[in-house]
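**Student:** The following block contains the structure, expressed as C-alpha cells.
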Amino acid sequence: MPDWFTVTGLIDVILLGMMIEALWLFSRHRKAGLHGPPPLLLHLVSGALLLVAMKQALANMPDLFVAATLGVAGLAHVADLRSASKI
Numbered sequence: 000m001p002d003w004f005t006v007t008g009l010i011d012v013i014l015l016g017m018m019i020e021a022l023w024l025f026s027r028h029r030k031a032g033l034h035g036p037p038p039l040l041l042h043l044v045s046g047a048l049l050l051v052a053m054k055q056a057l058a059n060m061p062d063l064f065v066a067a068t069l070g071v072a073g074l075a076h077v078a079d080l081r082s083a084s085k086i
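Numbering (numbering that gives the first Met the number 0), first residue to last: 0 to 86.
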C-alpha cells in the first residue's frame, strides 16, 4: 500500500477536499454578488475541526489541545445552528 494510505493520510485527503469545496463555495458566493461568508461554510469549519481533533488524538497530543479543538468545533456548530434558525 502507498505510504499515505493511513488513517492520518486519509484525514489529510478529506481535509484537502473540504478546503477545495470551501474555495468553490466562496467563488460561487462572490459570483452571485453576495457579501460575507457563504452560509454553508460553518458546516465545513465544524467538520474540519472535528477531523483536526481526530488527527491530534491519533498523534497523542495533549488532551487539552484535543479538548480545545473540540470546543472550537462545538462553537462553530452552535454558530451554524443559530445562523440556520434565522433563515
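No residue lacks a Cβ here, since even glycine has one placed at the ideal position from N, Cα and C.
(1) Inspect the beta-carbon positions of residue 48 and residue 72 and report whether they are closer than 7 Å.
(2) Alpha carbon to alpha carbon, how far is residue 75 from residue 66?
(3) In this structure, does DSSP put residue 73 in helix, strand or coil?
(4) Tell me whether residue 39 sits in a helix, a strand or coil according to DSSP, three-state version.
(5) Tell me whether residue 44 is buried or exposed, calling it buried when 16 or more other Cβ atoms sit within 10 Å of its Cβ.
**Tutor:** According to the structure data:
(1) yes
(2) Distance between the alpha carbons of residue 75 and residue 66: 14 Å.
(3) helix
(4) coil
(5) buried
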